[in-house]
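In our numbering, the protein residues as written are 5 to 164.
Here you go:
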């Protein structure tokens with residue numbers, strides 16, 4: 005995955021950050037989706053994009069874990085889980101616009117693969133997301149959550 009540095013006026017950046025927060029997404033996700041829509045990328049390329057973001061967030065979660073920054077590790081793990089779901093959605097031509105849409109798709113996937121406990125795993129990812137704001141999880145809980153998110157991502161990789 006290539007990286008690009010983007011310089012934005014302060015007011016525009018603040019507006020985009022508010023929109024990202026409203027949607028429960030990162031600024032990077034908002035910008036990537038907007039560029040994808042503007043350029044008309046196909047579902048396969050969109051799925052690959054979300055898959056690459058997922059990998060990036062997993063790496064960052066691991067790095068934050070090593071630094072014992074469990075709050076940041078929590079949010080990066082959530083980002084990885086949500087990007088894995090978005091990758092499956094893109095493969096299926098489904099547009100996700102909210103946390104509710106993520107939950108609907110994970111619920112459907114859990115019906116397709118009841119043996120995997122995808123809903124339970126996604127609950128863990130969501131708890132990590134909440135921890136970013138509330139900071140109530142112990143280090144051990146975050147570390148276990150990261151393991152569960154990695155397993156969740158691994159299971160979703162094989163779904164089309």
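Ideal placement from N, C-alpha and C gives every residue a C-beta, glycine not left out.
These numbers were taken from a predicted model, which means no experiment stands behind them.
Where the alpha helix (DSSP H) containing residue i begins and where it ends
| i | result |
| --- | --- |
| residue 29 | That residue, residue 29, is in no alpha helix (DSSP H); it is neither H nor E in DSSP. |
| residue 96 | Where residue 96 is concerned, there is no enclosing alpha helix (DSSP H), given that its DSSP letter is neither H nor E. |
| residue 8 | Careful: residue 8 lies outside any alpha helix (DSSP H) and carries neither H nor E. |
| residue 127 | 122-138 |
| residue 160 | 143-161 |
| residue 54 | 47-70 |
| residue 103 | 103-116 |
Reference residue i; option with closest CA among the options
| i | options | result |
| --- | --- | --- |
| residue 93 | 19, 160, 6, 22 | 160 |
| residue 69 | 150, 91, 163 | 150 |
| residue 65 | 56, 76, 55 | 76 |
| residue 143 | 107, 78, 89, 96 | 78 |
| residue 89 | 45, 163, 24 | 163 |
| residue 60 | 140, 7, 13 | 7 |
| residue 34 | 47, 17, 48 | 17 |
| residue 47 | 80, 12, 98, 56 | 98 |
| residue 56 | 36, 120, 119 | 36 |
Nearest-angstrom beta carbon gap, residue j and residue i [assumed within contact, 8 Å]
| i | j | result |
| --- | --- | --- |
| residue 126 | residue 110 | 5 Å |
| residue 129 | residue 82 | 5 Å |
| residue 54 | residue 114 | About 19 Å; that fails the 8 Å criterion. |
| residue 157 | residue 62 | 7 Å |
Whether residue i touches residue j by CB criterion (8 Å)
| i | j | result |
| --- | --- | --- |
| residue 50 | residue 40 | yes |
| residue 58 | residue 38 | no |
| residue 153 | residue 132 | yes |
| residue 20 | residue 31 | yes |
| residue 27 | residue 102 | yes |
Distance cut-off 7 Å: residue i Cβ against heavy atoms of the ligand ADP
| i | result |
| --- | --- |
| residue 72 | Absent from the structure shown: the ligand ADP. Ligands present: none. |
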